[in-house]
Amino acid sequence: MRDEYLQEAQTIVEDPNTLINLVSRRSKQLKHGSKPLIESLEKLEPEDIALREIIEGKITYQPWDQNSEN
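Take any residue in the sequence shown, note its place counting from 1, add 38, and you have its number in the numbering used here.
Right under this line is the structure:
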């Protein structure tokens with residue numbers, strides 16, 4: 039994983055556990071054949087693609103509200 043991508047993604051997803059889960063799930067999808075949501079001129083590892091997708095706003099998440107009744 040590239041440090042510069044990780045640092046930039048941490049400014050978007052501040053909770054490290056959430057960021058790890060997002061990257062892990064998306065990289066698994068990519069490894070199983072999902073198409074990247076970004077274009078890159080260089081060959082990136084699935085984890086780096088997932089980080090770039092987060093940075094570019096292609097992947098978002100909704101924090102879980104513990105106080106929610108549902």
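By construction, the Cβ of each residue, glycine as well, lies at the ideal position given by its N, Cα and C atoms.
### Query
Which of the three DSSP states, helix, strand or coil, is assigned to L79?
Walking along the sequence shown from the start, residue 79 turns up at place 41. Collapsing the DSSP output to three states places L79 in coil.
### Task
Quick one: using the 10 Å Cβ neighbour count with 16 as the cut-off for buried, is D86 buried or exposed?
Here residue 86 corresponds to residue number 48 of the sequence shown, with the count starting at 1. Under a 10 Å Cβ-count criterion, D86 is classified as buried, with 16 or more other Cβ atoms of the shown protein chains found around its own Cβ.
### Query
In chain order, what residues of the same chain have a beta carbon less than 8 Å from the beta carbon of S78, not counting five sequence neighbours either side?
Translated into positions along the sequence shown, residue 78 becomes position 40. Short of 8 Å from the beta carbon of S78, and not among the five residues preceding or following it, lie these beta carbons of its own chain, in chain order: I87, R90.
### Query
My guess is that I92 and L60 are in contact by the Cβ rule of under 8 Å, so how many angstroms apart are they, rounded?
Indexing the sequence shown from 1 puts residue 92 at position 54. Indexing the sequence shown from 1 puts residue 60 at position 22. Correct: roughly 6 Å between the Cβ atoms.
### Query
What separation, rounded to the nearest whole angstrom, lies between the Cα atoms of E42 and Q67?
On the sequence shown, position 4 is the one that residue 42 refers to. On the sequence shown, position 29 is the one that residue 67 refers to. Annotation: E42 to Q67 spans about 23 Å, alpha carbon to alpha carbon.
### Query
What do you get for I76, buried or exposed, if any count of 16 or more other CB atoms within 10 angstroms of its CB means buried?
Here residue 76 refers to the residue found at position 38 of the sequence shown. By the 10 Å Cβ count, I76 comes out exposed.
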